[in-house]
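Under this note's numbering, read the sequence shown as residues 3 to 260, first letter to last. Where is the CB? At the ideal position from N, CA and C, for every residue including glycine. Source: prediction; values computed, not measured. Here is the structure we will look at, set down as structure tokens.
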Amino acid sequence: MNREHPAVTASDILSKVPQATLAFWIIKILATTVGETGGDALSMTLDLGYAVSTLIFLGFFCVTLAAQITSKRYHPVFYWAVVVATTTVGTTTSDYLDRTLGLGYIKSSAMLFAGVLLVLGAWRSTTGEIAVDRITTRTNEIFYWVTILVSNTLGTALGDFVASTTGLGFERGALIFAALLLLVAGAYFLLKIPESVAFWAAYVLTRPLGATLGDTLTKPHDEGGLALGRITSSLVMVAAMIILIALTSRREQMEARS
């Protein structure tokens, strides 16, 4: 999410996460949309329920996170696998809180928002900063992924609240979150707000954007959706992610050699 394109530094090479470029945000939105459709595919289409689906995705998250943390460098497959894992477990966890436990979208959104602020506050208190795209220590990496897990769970509840509770519907909900993302980008590039604030605000907002986009694709027509299959939609978006990740990685390798 750099305003400029500075020369590659040692911290860039050692960092275990990608830089926040335009391609990064496109892949992130695809990943959050997959999280919505994939989570619903297990809990609803396969009728496993929210609790069982959450346990399955939590296991997937632990496996992918272990691969990411034990790797010595940034590996796009490991990184984006963890992101997808956080979005899927976030989807089913949020649905479990909202629907099974009966907290509702407002209470769960407020609780999870407080959770994001708490994690970010603890991160800054522990390390003296909130890192963005230069994660080189184990402590920063753990805080990074905990923040993402909580924020992606928040995003599901927030997306459902805007689309369902307010009555705006999924398409208009997606437009609202897209507009908020543009406002964050404008504030970053024009008003020069801190990079960490802009990055994490955008990271949170991409999740409800993906949630509303996923519901737009898969919900029945009478609920304002396009009634596309959850499994098919998930596979198509995963394929798009793989293509973009491969193209981005190839370009980065070519730039590193030049």
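- With a cutoff of 8 Å on beta-carbon distance, LEU24 and THR88 are scored as not near each other.
- For ARG101, there is no enclosing alpha helix (DSSP H), since its DSSP letter is neither H nor E.
- Comparing alpha carbon positions, the residue from LEU246, VAL91, THR168 and ASN142 closest to ARG209 is VAL91.
- By the C-beta density criterion, GLU38 is buried, having at least 16 other C-beta atoms within 10 angstroms.
- If only uninterrupted alpha helix (DSSP H) runs of at least 4 residues are considered, those enclosed by the region 76–131 are 78–97 and 106–129.
- Spanning the alpha carbons of ALA229 and LEU16 requires a straight line of approximately 44 Å.
- The beta-carbon separation of GLY175 and ALA165, rounded to 4 Å, stays under the 8 Å limit for a contact.
- Inter-residue distance for TRP202 and ALA133 is about 10 Å (C-alpha atoms, whole angstroms).
- Excluding residues up to 5 positions away in sequence, ASP100, ALA159, LEU160, ASP162, PHE163, SER166 and THR167 lie with their Cβ nearer than 8 Å to the Cβ of TYR107 in the same chain.
- Runs of beta strand (DSSP E) with 3 or more residues, each lying fully within the region 44–76, are absent.
- If you draw a 10 Å sphere on the C-beta of LEU184, you find fewer than 16 other C-beta atoms in it, and that means exposed.
- When secondary structure is reduced to three states using DSSP, GLN21 falls in the coil class, being assigned neither helix nor strand.
- In the structure shown, the three-state DSSP call for ARG252 is helix.
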